[in-house]
Amino acid sequence: MASKPELYWEDFPIDEEATFGAYEVKREDMIEFASEFDPQPFHLNEEIAKTSLLGGLATSGWQNCAIAMRIMWDGYLHKSASMGAPGVEEVRWRKPVYAGDVLSMKRKTLETRRSKSRPGMGLVRFGWEMFNQNGDLKMTMEGWAMFECRTGSKVGA
């Protein structure tokens, strides 16, 4: 969190959309991630990957989730009063991500509510979409995030 956040719960109105990010996927990072966390052959071996449904060496979907988190951090979370998240409700890997893809994200606010048990905290349900440089939809996610409220009771006060 930034020393003095710019974004609070109130700054995410329903239907607001924002686009951010320019993360380039590198082949060596794909293989390193897959080697440690998702060592399926089509994430590690070019020849095997060519004959798979992926059509070539592609990132692990789990790596796409990690990349999405990085893009979100750089795009808005670092300057927000983020309090974390209770989890992601849905993730869909729509198309493979390949080395050289430059990924960006679009965020849409779907729903907001103030916490009943913690009045200094608000919840925001977002829909996120990840695209490559050609506008191809690569991944979608939906889930809740928690933010400190600018108005009302302070958390922990």
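For what it's worth, the numbering used here labels the leading residue of the sequence shown as 364, then goes sequentially.
Glycine included, every Cβ here is placed at the ideal spot set by N, Cα and C.
Among the options, the one whose alpha carbon lies nearest that of residue i
i, options, result
"Thr472", "Ser480, Glu379, Trp372, Asp374", "Glu379"
"Asn497", "Ser478, Val460, Ala412", "Val460"
"Cys428", "Thr414, His406, Trp456", "Trp456"
"Ala508", "Asp392, Gly424, Val487", "Val487"
"Glu511", "Glu409, Gly490, Pro482, Phe494", "Pro482"
"Ile377", "Ile434, Gly490, Asp401, Glu474", "Glu474"
"Arg390", "Ala448, Ser445, Leu420, Met502", "Leu420"
"Gly418", "Lys458, Glu395, Asn495", "Lys458"
"Phe489", "Met504, Ala412, Glu410, Ala385", "Met504"
"Met446", "Met502, Met484, Glu492", "Met484"
"Pro449", "Ser478, Asp437, Ile434, Arg433", "Ser478"
"Trp436", "Asn495, Ser480, Ala385", "Ala385"
"Asp499", "Met468, Asp392, Ile394, Glu399", "Met468"
"Gly506", "Glu453, Arg476, Ser480", "Glu453"
Cβ-based neighbour list, residue i, same chain, cut-off 6 angstroms, excluding 5 preceding and 5 following
i, result
"Arg513", "Tyr371, Glu373"
"Ala397", "His406, Leu407, Ser423"
"Asp401", "Ser423, Trp425"
"Ile411", "Pro404, Phe405"
"Val451", "Met504, Gly506"
Coil, strand or helix - residue i by DSSP
i, result
"Met432", "helix"
"Ala397", "helix"
"Leu405", "A small correction: the amino acid at residue 405 is Phe; Leu does not occupy that position in the sequence shown. In this structure, Phe405 counts as helix in the three-state DSSP scheme."
"Ala412", "helix"
"Gly424", "helix"
"Glu369", "coil"
"Gly485", "strand"
"Asp374", "helix"
"Gly438", "helix"
"Asp392", "helix"
Other residues of its chain near residue i: CB distance less than 8 angstroms, five sequence neighbours each side excluded
i, result
"Tyr439", "Leu370, Ala381, Phe383, Arg470"
"Val388", "Thr422, Ile430, Val460, Tyr461, Ala462, Gly463, Asp464, Val465, Leu466"
"Lys442", "Ala365, Pro368, Glu369, Leu370"
"Met432", "none"
Residues that residue i bridges to, as DSSP identifies them
i, result
"Thr503", "Arg455, Glu492"
"Glu387", "Val465"
"Ser478", "Ser478 pairs with nothing; no bridge assigned."
"Glu511", "Met484"
"Gly450", "Trp507"
"Glu568", "Outside the displayed span of the chain (364 to 520) sits residue 568, for which this structure offers no information."
Same chain, Cβ closer than 7 angstroms to residue i, five either side skipped, listed in chain order
i, result
"Gly519", "Per-residue confidence for Gly519 stands at a pLDDT of 49, beneath the threshold of 50, marking its modelled position as unreliable; the derived number appears in the next sentence. Around Gly519: no qualifying Cβ."
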